[in-house]
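So the sequence shown is numbered by the working numbering: it starts at 22 and just counts up by one.
Don't be surprised by glycine CBs; every beta carbon is placed ideally from N, CA and C.
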Amino acid sequence: MIRCTGLNNVKEGETKKIEIDGKDLLIVNIRGELKCFSRWCPHKGGDLAYGDFIGGNQIKCHLHGYIYNLDTGNAVYIPYRDGYGKWKDTLNLEVYRVVNKDGEICIEMK
Ligand code: FES
């Protein structure tokens, strides 16, 4: 299901917090490419709005340093696994496809 954001532009290097269907998401523009993913880190719920972007497709959580691939959602660096599984059942970040619909930024929800 495609859901539109009401946004028609996210500038390069900018991060926008949005909420769709009760899900908190982030949209970022990395080198001209829009990416959308869950705002909360699967490890312990860190706010990825404060994360550091690495290269063109990774984000590092500011709390404990987990790194996620923003194309697949896979955790690509896990510094340690203290108590993992208590907050989420998966280590993967939810990622969503971004589509342009008549000039508006829309998200393909799962
Ligand atoms: S909450 Fe993000 S790495 Fe721990």
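Residue environment: Y101 is assigned as exposed (fewer than 16 neighbouring CB atoms within 10 Å of its CB, all protein chains considered). Relative to ligand 1, L112 has its C-beta separated by 6 Å or more from all heavy atoms.
Only exposed fits Y71, as fewer than 16 other CB atoms lie within 10 angstroms of its CB. In this structure, the beta-carbon distance from G94 to L114 falls below 7 Å. Y101 sits in coil when the DSSP states are folded into three classes, being neither helix nor strand.
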